[in-house]
Every structure is written in structure tokens, then in C-alpha cells.
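Visitor: Residue numbers (the UniProt record's numbering), protein chains in the order written: chain P, 1 to 286; chain V, 1 to 286. We put the beta carbon where it would ideally sit given N, CA and C, even for glycine. Model, not experiment: these values are computed from the prediction. Let me begin by handing over the structure; questions about it come next.
There are 2 protein chains.
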Amino acid sequence: MELWFSDNQTDHVKVSVKVEKQLFGEQTDFQRIDVFESREFGRFLSSDGSIVFSEKDEFIYDEMIVHVPMAVHPHVKKVLVIGGGDGGVARELSYYEEIEQIDVVESDRTFVDVCRKFFPDNACGLEDPRVNIYYEDGLRFLRTKHDAYDLIINDAIDPLGHTAGLFTKEFYGNCYRALKEDGIMVYQHGSPFYDEDEESCRVMHRKASHSFPISRVYQAHIPTCSSGYWLFGFASKKYHPLTDLNVERWKARGIKTWYYTTNLHKGAFMLPKYVEDMLEEEEGRR
Amino acid sequence: MELWFSDNQTDHVKVSVKVEKQLFGEQTDFQRIDVFESREFGRFLSSDGSIVFSEKDEFIYDEMIVHVPMAVHPHVKKVLVIGGGDGGVARELSYYEEIEQIDVVESDRTFVDVCRKFFPDNACGLEDPRVNIYYEDGLRFLRTKHDAYDLIINDAIDPLGHTAGLFTKEFYGNCYRALKEDGIMVYQHGSPFYDEDEESCRVMHRKASHSFPISRVYQAHIPTCSSGYWLFGFASKKYHPLTDLNVERWKARGIKTWYYTTNLHKGAFMLPKYVEDMLEEEEGRR
Chain P
1 MELWFSDNQT DHVKVSVKVE KQLFGEQTDF QRIDVFESRE FGRFLSSDGS
51 IVFSEKDEFI YDEMIVHVPM AVHPHVKKVL VIGGGDGGVA RELSYYEEIE
101 QIDVVESDRT FVDVCRKFFP DNACGLEDPR VNIYYEDGLR FLRTKHDAYD
151 LIINDAIDPL GHTAGLFTKE FYGNCYRALK EDGIMVYQHG SPFYDEDEES
201 CRVMHRKASH SFPISRVYQA HIPTCSSGYW LFGFASKKYH PLTDLNVERW
251 KARGIKTWYY TTNLHKGAFM LPKYVEDMLE EEEGRR
Chain V
1 MELWFSDNQT DHVKVSVKVE KQLFGEQTDF QRIDVFESRE FGRFLSSDGS
51 IVFSEKDEFI YDEMIVHVPM AVHPHVKKVL VIGGGDGGVA RELSYYEEIE
101 QIDVVESDRT FVDVCRKFFP DNACGLEDPR VNIYYEDGLR FLRTKHDAYD
151 LIINDAIDPL GHTAGLFTKE FYGNCYRALK EDGIMVYQHG SPFYDEDEES
201 CRVMHRKASH SFPISRVYQA HIPTCSSGYW LFGFASKKYH PLTDLNVERW
251 KARGIKTWYY TTNLHKGAFM LPKYVEDMLE EEEGRR
């Protein structure tokens, strides 16, 4: 028997992974969650049929969304993670001694339970005593927060699914308000390659550029993401992702990584011409 | 009817592209060549079942293998392209007025004929009067050349298939001899991500580091390549890919690109930690 899981990246492209067996499958109030065991990607989790993360490549995503802002902001004490119920982002954050509080807001309790059971290497991040988990809607949680966080990480997965509210103009405005006067927000920016993905990528940059004085985009190669090429947004009130990068301070922490280096940090902001052109067009429209 | 083309990137991962129709299919003396029309990638060509290039993403590959060395070497007059029968590399080279001679060595004449018929936007590069096409084995062609070229581009596709001879230690040695005293060789370095690909990636770096005093690796995101993440080798007798990059000289040429910029050039050499570690291990073994 051969069992293949297929992820429809667009209507015309799919990536299929040979699986050894299915470990979990359930419809929650928010999404369909499945967990599979595979040779190539180890265990992986899918939401509504799309791969969310795998044991083999989650390090790329989690390192890039955490260490880039942490190497720039000089004194992060309070962090808000929206989504992030698998624990990978909290795990990377837990390596920083100066952080005092990590609030994780995840709407789907079952998602957290599943990750605790099947992905202990991610979920261990949620066991850090500085972590508070709120099972709430991220947008609603944000509305009550003012001048509260140094860093907000929007780890939500899908601008079209049950987390769509986290990609609206209101959301970016609320993030701005919830941040302290020198706060940074990083977020998933999607993939710019396929035509189907490009529009949401444009809209995100337009909204972030409208709300924040500094809005830049950086890249990583993540094989299980659409086209394998993923962008992150860096929206900031004060610190610039390159000129405020402090290489010595970050290296002195001695954090072990497999993808991130401060050199790669710089390169991640050097984008292909077609992506630069797209972003500049949206900046003109804001 | 739905027709899907599947590219087995490893034994456990495949990428499938929905095709409108098949335009060509033939077994030559060297390989099985097929051409398809698709909505997502436009026309694409496969060799022995693997996608070689598509209209939608060939610009990434062709720009990155040509403009990186051309922005470094100050006076390229004679170029050898091994493989490259589709014409995309020759097309990018043809934008440089200072180049006097472009020798393209392609073993499979049918491959060139097919590209001329179905991919005129690539094959136009072969019509430049400075281009000479040799229908020969690349390794044999090289053996007779000494101190002949400023730049060698190894555009051959597969270290395991009919072009395997172009990935041997002898090949790198012959390239070194065929280059002038300040010559540069660039080559496809494969993808470092999947375990199946990693070994050939290691071997290539070991061989190139053994033959050339300067041997560096750079990256690009190419969706139709294995895992979407592709490496190139930059092996050089004299010029360093970063310290000898001449931004002003390159920009003054006014070449229109969609992927390459001199800023991206720098970022392309800033590699993920796991790739850096792999390359350093091989340098220790050379």
C-alpha cells in the first residue's frame, strides 16, 4: 500500500508527501486537524488539508519569525504571540532570558492539545513558566490592549480561513495600539510566487505600510509552504531591521540555531527584483 | 478530464502540475523529452520525467547563473556554456556587449530543436551571432581546451543521468585548465534540503574546493527545483564573488532583470546555518 497526502498549493499545483500512517484526524469547532507520520518530513500537521508545519522544516519558520525581531529590539520584556498554539514560537522565545512574559492567544484548544500529544519538541515551549495561554479570538484579545507589548508575533496561518480576521486593516491598527512606543510586530506574509497568492501578499504590505512607519519584508525557504518560498513582514514603530540589528549582542546570547544567523538576517531582506517591484507598487498606493 | 504531471523530487515527495495538454514527447539517444502546456507554469519541459525549466520560473535560474559571475569578472570575452541547449543562458549572456564569443556545448541535438520550436523566448539566445553550438559531449570537448575561457557555465542538469560525467573530479580539473588565469566557473550545485540530494551537494563542494582556490556557494528560490531551494557553485581562480562585485559597473550596463539585483547578489551568499555547516564539513575533508 502507498498512502500519499496531497496539499493543493493552488488549483494547478499540488505537493504530495508519502505517509507511513495517519496518527490523528478530527474536525474541531474551527478547523479540520490531521497528523501524519512520514519518512521525508517526519510528523506533520495539516489544517483543512494544508500542511501547517512538519518536524523536518518547522525550525526554519520558527527561527525566522522569532530571532529576526529579537536581534533588532534591544530590550524585549513582554511578547504577544497570536496563533502559535503548537509552541514552536514560544520555544524559540524561551531562549531569551530578558523576556518576562509570553502571552499566547490561540482560538482552538484542540490544536494545542494535539500538538502537546504529537509534537512535544514544539509544545515544550508552552511549558515555560513565563508562558500564559489564552484560548480566545486573537482580534478580540487585542482590542483591550494598549501600550502593552514590546513584540507581537502574528503566527496565524491563513488569511482566508478561520483566522481571516487577523489579516484585516483593523487588526494592524490594533497591533499598533497594543505595542509600546518602540514595539515591533512580525507576521506571516505569505508567498509572492503564484498568482493566486500574490494578491493577499500585496494587501498585507499595503495595510502594514499604512499603520507602521517602518514596514519591511524578509524571506526564507520553507519547503512545505506554497512554492517553497515564504515571506515575513517586519512592521516597527522605531527600530529598523537592518540598521538596528545588533550582531554582537545577539551572538553573546549563545542561542543554538539551524537556520538563522545574523549574516542570513541581512540577506533575508535582500529580495528578488519581482518582489521588490510588487512591494514598491503597494507602498505607492497606501 | 484532469491531466496532472508529477515530478518525483524524492521517493517520498512529488510535485504535480495540472497540464492543459502535452505538446511533445520523444525518446532521444540521451533522454526522454516531454513538453507540456500548463496554466500555472506556462510551457515546461521535462527530461526523464523531471521538470528542467518552465516559462514561469526559468528567469530565476538563468539570471542567477549568468549575472552573478558577470557582475564580478571585470572583462569577460570568451564564455563556454556546457549544456544550456535551451538558450536561456546564452540569452542572458547576449546582453553583455563586451562578450565576443559564446560556445554552447550540448550533447543532445533534439533538445535544441525542441527548445527552438516550443520555447522561442529562450532559444532566441542561440541566434546571437557570437554563439557557436557544438553538438558534443561536454567532458570530451573540455579536454582539448587550455587557457581558453574567462567564464565557464555548467548548465548540465543531472549528476546521475546522462550528464553524470560533468560532475566528476576530472571535470572540475578540466574546467580549471580550460579557464584563463583569472577565470570563473559557475555550476548547478543542487538542493541541500532532502536527504537524497544532500550527498551529491556535498560531493560537488568537495571537488570544487579541491580544484579552485576560491569556492563559494550561493542560493536562489526556484519553485520547480527540488524543495524549491537551489544552490549554485562559484569556483574562481582570482575574483571573489563579494569583494570583487562591482555594483556601479554592473548597473551602468542597464540590463533588465526580474530576479537579479546587485543587492540580491550579496544576499544570495548569506546561507542558512545548516547549509554553512554542511559546506564547512566538506572543506575540512578536501
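1. Return the chain-ordered list of same chain residues with a C-beta closer than 6 Å to the C-beta of G85/P, the five sequence neighbours on each side being excluded.
2. Expressed to the nearest angstrom, what Euclidean distance is found between the alpha-carbon atoms of residue 288/P and T28/V?
3. Helix, strand or coil: how does DSSP classify F24/V here?
4. When you compare the CB positions of R143/V and N174/V, do they come within less than 9 Å of one another, or not?
5. Within the same chain, show all residues whose beta-carbon is closer than 8 Å to that of R285/V, passing over the 5 residues directly before and after it, in chain order.
6. With a threshold of 8 Å on Cβ separation, who are the neighbours of S16/V within its own chain once the five nearest residues in sequence on each side are excluded?
7. Just to make sure I have the definition right: I need the residues of chain A whose C-beta is within less than 7 Å of the C-beta of S227/P. Which are they?
8. Looking at C-beta atoms only, is the number of pairs between the stretch 225-238 of chain P and the stretch 256-266 of chain P that lie closer than 8 Å three or more?
9. According to the Cβ coordinates, are H221/P and F193/V closer than 9 Å?
10. Going along the stretch 7-24 of chain V in order, which residues come within less than 7 Å of chain P, judged by CB to CB distance?
11. Give me, in chain order, the residues of the same chain whose beta-carbon lies closer than 7 Å to that of G87/V; leave out the 5 immediate sequence neighbours on both sides.
12. With burial defined as no fewer than 16 other Cβ atoms inside 10 Å of the residue's Cβ, what is the status of K21/V: buried or exposed?
13. Secondary structure at M185/V, three-state DSSP: helix, strand or coil?
14. Start and end of the alpha helix (DSSP H) containing N8/V?
15. For the stretch 233-254 of chain V, enumerate the residues whose C-beta is nearer than 9 Å to any C-beta of chain P, in chain order.
16. Given this structure, state the Cα-to-Cα distance separating F119/P from E55/P, to the nearest angstrom.
17. Using a Cβ-Cβ distance under 9 Å, would M70/P count as near chain V?
18. Quickly, what does DSSP pair G233/P with across the bridge? List them, please.
19. Select from the stretch 37-54 of chain V all residues with a C-beta closer than 9 Å to any C-beta belonging to chain P, and list them in chain order.
20. For M64/P, tell me which candidate among R249/P, D277/P, W230/P, H12/P has the shortest Cα-Cα distance.
21. Please list the partners that Y149/V has in chain P, where partner means a Cβ-to-Cβ separation under 8 Å.
22. Is there a Cβ from chain V that is less than 9 Å from the Cβ of P272/P?
23. Using three-state DSSP, classify residue 341/V as helix, strand or coil.
24. Per DSSP, what are the beta-bridge partners of E280/P in this structure?
25. Could you give the first and the last residue of the continuous alpha helix (DSSP H) run that contains Y172/P?
26. Within the 9 Å Cβ cut-off, does Y194/V reach chain P?
27. Check K78/V in the structure and name its three-state DSSP category.
28. Could you give the distance in angstroms between the alpha-carbon of Y259/P and the alpha-carbon of Q219/P?
29. Would you verify that the beta carbon of Q219/P is, or is not, closer than 9 Å to some beta carbon of chain V?
30. Roughly how many whole angstroms lie between the Cα atoms of K18/P and R249/P?
31. Which of the three DSSP states, helix, strand or coil, is assigned to R39/V?
32. Fully enclosed by the stretch 46-127 of chain V, which alpha helix (DSSP H) runs are 4 residues long or longer?
33. Since W227/V contacts P223/P with CB under 8 Å, what's their CB separation in whole angstroms?
34. Could you please give the first and the last residue of the uninterrupted beta strand (DSSP E) stretch that includes L151/V?
35. Specify the secondary structure class of R32/V as computed by DSSP and reduced to three states.
36. Compute the Euclidean distance between the alpha carbons of F232/V and V217/V, then round it to the nearest angstrom.
Guide: So, from the data block:
1. The residues E106, F111, V112, in chain order, have a CB closer than 6 Å to that of G85/P in the same chain once the five nearest residues on each side in sequence are set aside.
2. The displayed coordinates of chain P run from 1 to 286. Any statement about residue 288/P would go beyond what the structure contains.
3. strand
4. A distance below 9 Å separates the beta carbons of R143/V and N174/V.
5. Here the set comprises R206.
6. Sequence-distant Cβ neighbours of S16/V in its own chain, meaning closer than 8 Å and more than five residues away, are W4, F5, S6, D7.
7. Looking at the structure shown, chain A is missing, and the protein chains on hand are P and V.
8. no
9. yes
10. T10, H12, V13, K14, V15, S16, V17, K18
11. If the five residues before and after G87/V are omitted, its C-beta is found closer than 7 Å to the C-beta atoms of C115, N122, A123, C124, G125, L126, all from its own chain and listed in chain order.
12. exposed
13. strand
14. Premise fails: N8/V lies in the beta strand (DSSP E), 3-10, not in any alpha helix (DSSP H).
15. none
16. 8 Å
17. no
18. Y187/P, V217/P
19. Cβ contacts with chain P come from S38, R39, E40, F41.
20. W230/P
21. Per Cβ cutoff of 8 Å: no residues; Y149/V is ~28 Å from chain P at best.
22. It does: the Cβ of P272/P has a partner Cβ on chain V nearer than 9 Å.
23. Shown here, chain V extends from 1 to 286; a query on residue 341/V therefore has no answer.
24. Paired residues: none, contrary to the question.
25. 169-178
26. yes
27. Secondary structure of K78/V (DSSP, three-state): strand.
28. Cα to Cα, Y259/P sits roughly 12 Å from Q219/P.
29. yes
30. Counting only the Cα atoms, R249/P lies some 43 Å from K18/P.
31. coil
32. 58-70, 88-93, 109-118, 120-123
33. According to the sequence displayed, residue 227/V carries Ser and not Trp. Right, their Cβ atoms sit about 4 Å apart.
34. Per DSSP, L151/V belongs to the beta strand (DSSP E) from 149-154.
35. strand
36. When rounded, the distance between both Cα atoms is 6 Å.
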